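Peer 1: Could you have a look at this structure, given as structure tokens, before my questions?
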Amino acid sequence: MRVLMLAQFFPPVIGGEERHVFSLSEALVARGHQVAVATMPHPDRAPVEYLNGVAVHSLQGSMQRASALFSEEERPHAPPFPDPELTFRLSRLVSKFKPDVVHGHNWMIHQYLPLKLANKAKLVSTLHDYSFTCSIKTLLRNGDYCSGPGVAKCLSCAGAHFGLVKGQVTAAAHFLTKPLLHRGVDNFIAVSHAVAEKSGLVDGSTPYSVIPTFIPDDLGSPPASIDPRLRQLPPDGYLLFVGDLNRHKGVHILLQAYARLERAPPLVLIGRRTPGTPNELPPNVFLFESWPHHAVMHAWQRCLFGLAPSTFIEPCGTIVMEANVVGKTMIAANHGGLAELVEHGRSGLHVVPSDAGSLAETMQLLIDSPDLRRRLEEGALARAETFKARSVVPKIETIYGSPNKVRQPGGGAARVAHMSHQS
């Protein structure tokens, strides 16, 4: 089977979504499929590269030429509407590659929609976040949860988030193209039940599946070499947070909770600095920016336990899988994809979102209870088996190869392999 991935970003740009697309592409190649990836250009990547059997095509669009539109040069987001130049370049790749399946990841899929009628390829869309419903992708408005989309509200919110012109164009295009996505996509994949529900798939007419992201089968294997960055870490047994260093990820709540602890091990923060990253850190807190993935996995192996105190509803949470695969338990906010991945009392512990007191109490409990940690670590290792490629990729292959499901009368969707890692 020939599978064409559509992804805004791809390594060397690193993030949960990028790792998922790369891991899925590698796994499909290993299972005998031909895989090509269409993505945005990157200064450190050639126009066409081959990575572990995956053909990576960097396609330039008109929007990406306007660098002032993007806050980060390495992340020129695809717009939520067809970019004529990008769609043209994609059409040439489609004609040459002749995919059986086109698998879109977030807004990059818009570049393919004008080509859908002329191609027989099955169109699958994975929703890694809330971009199907929310033009700023977070479901947040003025720092609080949004009650739901509305034209005037979304125009205002996107304008405040992206800037007036860019934001209003983005929000308007988002509203106009959403019906086209509903009609063009054959199957949706949501990375959590939270994403499926917030994206309106549960009561919609398009077939969908709930399949969280996954980790490579060999991710927990001992690394081949030691990264020199690891010398900067405090002695083994520290607490670990991995992710963007912003308020959405709960860094400010974590620092408040950490300040309340007694006899606390060091706290290590590893992630991408953002405008919301604290400029000053409490004593015994270490911050390391944007480490490569192999170094992060080393850090997981040496920590006492991990922390995911996100204040917004996380769509999924690859960090939970990465911690679990090396036998580390997690404390996670009890909402969204994090709550679905962390089994409270079995593989980790839940805390009340945005509650520094709840987080501090739970952190202190794990610090002071080695027997509880060992029990949760055993559960984390068992849980990690359900997160691996060999458990998840066959479910995605089933969606690729299965005929389109007939939409049910009355608006109910026929669901394809509707599952989660809890099954």
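In terms of my numbering, the numbers along the sequence shown are unbroken and rise by one, the last being 648. We put the CB at the ideal spot given by N, CA and C, even for glycine. In this text, all values refer to a predicted model and were calculated from it rather than measured experimentally.
Go ahead and pull the three-state DSSP assignment for Arg366.
Peer 2: On the sequence shown, position 141 is the one that residue 366 refers to. Reduced to three states, the DSSP call for Arg366 is strand.
Peer 1: Check whether the Cβ atoms of Phe513 and Ile538 sit closer than 7 Å, and answer yes or no.
Peer 2: Sequence index remark: in the sequence shown, residue 513 carries index 288 (1-based). Sequence index remark: in the sequence shown, residue 538 carries index 313 (1-based). No.
Peer 1: Can you give me the Cβ contacts of Arg598 inside the same chain, cut-off strictly under 7 Å, excluding the 5 residues immediately before and after it?
Peer 2: Within the sequence shown, residue 598 is the residue found at index 373, counting from 1. Hits under 7 Å: Phe530, Thr554 and Leu591.
Peer 1: Output the distance between the C-alpha atoms of Lys403 and Leu380, rounded to the nearest integer angstrom.
Peer 2: Counting from one through the sequence shown, the residue named residue 403 turns up at place 178. Counting from one through the sequence shown, the residue named residue 380 turns up at place 155. Distance between the alpha carbons of Lys403 and Leu380 is about 15 Å.
Peer 1: Would you tell me roughly how many angstroms separate the C-alpha atoms of Val228 and Ser594, rounded to the nearest one?
Peer 2: Along the sequence shown, one-based indexing puts residue 228 at 3. Along the sequence shown, one-based indexing puts residue 594 at 369. Approximately 48 Å, taken between the alpha carbons.
Peer 1: Per the DSSP calculation, Phe513 is bridged to which residue(s)?
Peer 2: Within the sequence shown, numbered from 1, the residue matching residue 513 stands at position 288. In the DSSP output, where bridge partners are listed per residue, Phe513 has Ile495.
Peer 1: Extract the residue ranges of the beta strand (DSSP E) inside the segment 413-477, only unbroken runs of 3 or more that lie entirely within it.
Peer 2: As far as the segment 413-477 is concerned, its whole beta strand (DSSP E) runs of at least 3 residues are 433-435 and 463-467.
Peer 1: Excluding sequence positions up to five away, which residues of its chain have a Cβ less than 6 Å from the Cβ of Lys362?
Peer 2: Here residue 362 refers to the residue found at position 137 of the sequence shown. Closer than 6 Å at Cβ, skipping near neighbours: Asp354, Tyr355 and Ser356.
Peer 1: Opposite Ile538 in the DSSP bridges: which residues?
Peer 2: Mapped onto the sequence shown, residue 538 falls at position 313. Answer is none; Ile538 lacks a bridge partner.
Peer 1: Ala263 and Leu342 - do their beta-carbons sit closer together than 7 Å?
Peer 2: Locating residue 342 in the sequence shown gives position 117, where the first residue counts as 1. Locating residue 263 in the sequence shown gives position 38, where the first residue counts as 1. No, the Cβ-Cβ distance between Leu342 and Ala263 is not below 7 Å.
Peer 1: Hey, would you say Leu276 sits closer than 7 Å to Leu315, going by beta carbons?
Peer 2: As a position in the sequence shown, residue 276 is number 51, starting the count at 1. As a position in the sequence shown, residue 315 is number 90, starting the count at 1. For Leu276 and Leu315, no; Cβs fall outside 7 Å.
Peer 1: Within 7 Å (strictly less), CB to CB, does Met522 reach chain C?
Peer 2: The chain inventory of the structure shown lacks chain C, comprising one protein chain alone.
Peer 1: Where does Gln285 fall in DSSP's three states?
Peer 2: Numbered from its first residue, the sequence shown carries residue 285 at position 60. In this structure, Gln285 counts as coil in the three-state DSSP scheme.
Peer 1: Below 7 Å between beta carbons: does that hold for Ala398 and Pro305?
Peer 2: To locate residue 398, count along the sequence shown from 1; it is residue 173. To locate residue 305, count along the sequence shown from 1; it is residue 80. Yes.
Peer 1: Would you give the residue range spanned by the alpha helix (DSSP H) that Gly562 belongs to?
Peer 2: Counted from its first residue, the sequence shown places residue 562 at position 337. Counting along the chain, the alpha helix (DSSP H) containing Gly562 begins and ends at Gly561 to Leu566.
Peer 1: I need the DSSP call for Arg227, collapsed to helix, strand or coil.
Peer 2: Here residue 227 refers to the residue found at position 2 of the sequence shown. Strand.
Peer 1: Can you give me the C-alpha to C-alpha distance between Pro517 and Gly570, rounded to a whole angstrom?
Peer 2: For the purposes of this step, residue 517 is taken as residue 292 along the sequence shown, with counting starting at 1. For the purposes of this step, residue 570 is taken as residue 345 along the sequence shown, with counting starting at 1. Between Pro517 and Gly570, the C-alpha separation is close to 31 Å.
Peer 1: In angstroms with no decimal places, state the Cα-to-Cα distance between Met265 and Ala303.
Peer 2: Position 40 of the sequence shown, counted from the start, is the residue given in the question as residue 265. Position 78 of the sequence shown, counted from the start, is the residue given in the question as residue 303. Near 8 Å, if we compare the C-alpha coordinates of Ala303 and Met265.
Peer 1: With a threshold of 8 Å, are at least 3 pairs of Cβ atoms found where one atom belongs to the segment 237-257 and the other to the segment 610-623?
Peer 2: These segments touch.
Peer 1: If you drop the 5 nearest sequence neighbours on each side, which residues of the same chain put their C-beta closer than 7 Å to that of Lys474?
Peer 2: On the sequence shown, residue 474 is found 249 positions in, with the first residue counted as 1. So the qualifying residues of the chain are Gly468 and Ser535.
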